[in-house]
Amino acid sequence: MTTPNPIRRFVEATNAGDSEAFLATFTDDAFLSDWGRDFHGRDGVARWNRSDNIGVQSNLRIVRVAERDGVYHARVAVTGNGFNGEGDMAFTLDGDRIASLVIS
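Heads up, the sequence shown is in this note's numbering, so the first residue is 3 and it goes up one at a time.
Below you can see the structure in the form of structure tokens.
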């Protein structure tokens, strides 16, 4: 399956260290959950980005992606100065933006 554009842009912005482009991939009222730590809205996503993503120089690579019931499930390989390894991300999209991201 081809990676949907919002998810592709999410990865590209992270890898480029471009926080502005990263935040632009999310809806204004986005929800992000990282192993039970919940973040709401772009301000919340920005906090997570600083502490767990671009702020720790993460580099992402999509291993595989599949769509089930309107949710895109991506297996992602992560390297950087934070978490290193593979993990699962579930994206719910709203048009060309990410409405929800659940990391587990």
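Ideal Cβ positions, reconstructed from N, Cα and C, are used throughout, including at glycine.
{"Query": "Which whole runs of the beta strand (DSSP E) in the segment 5-64 are 3 residues long or more, in chain order?", "Result": "28-36, 39-42"}
{"Query": "What residues match up with Met91 in a beta bridge as DSSP calls it?", "Result": "Ala76, Ile105"}
{"Query": "Tell me, to the nearest whole angstrom, how far the beta carbon of Ile2 is from that of Gly82; I am working on the premise that it is less than 8 Å.", "Result": "Here the chain has residues from 3 to 106 only, and residue 2 is not among them."}
{"Query": "Measure from the alpha carbon of Ser21 to the alpha carbon of each residue in Ala48, Ala101, Leu62, then state which is nearest.", "Result": "Ala48"}
{"Query": "Please identify the residue among Val65, Ile64, Asp36, Arg63 whose C-alpha is closest to the C-alpha of Asn51.", "Result": "Asp36"}
{"Query": "Inspect the beta-carbon positions of Thr16 and Val67 and report whether they are closer than 7 Å.", "Result": "no"}
{"Query": "Nearest CA to the CA of Asn55: which residue from Gly72, Asp96, Gly97, Phe24?", "Result": "Phe24"}
{"Query": "Report the three-state DSSP secondary structure of Asp96 (helix, strand or coil).", "Result": "strand"}
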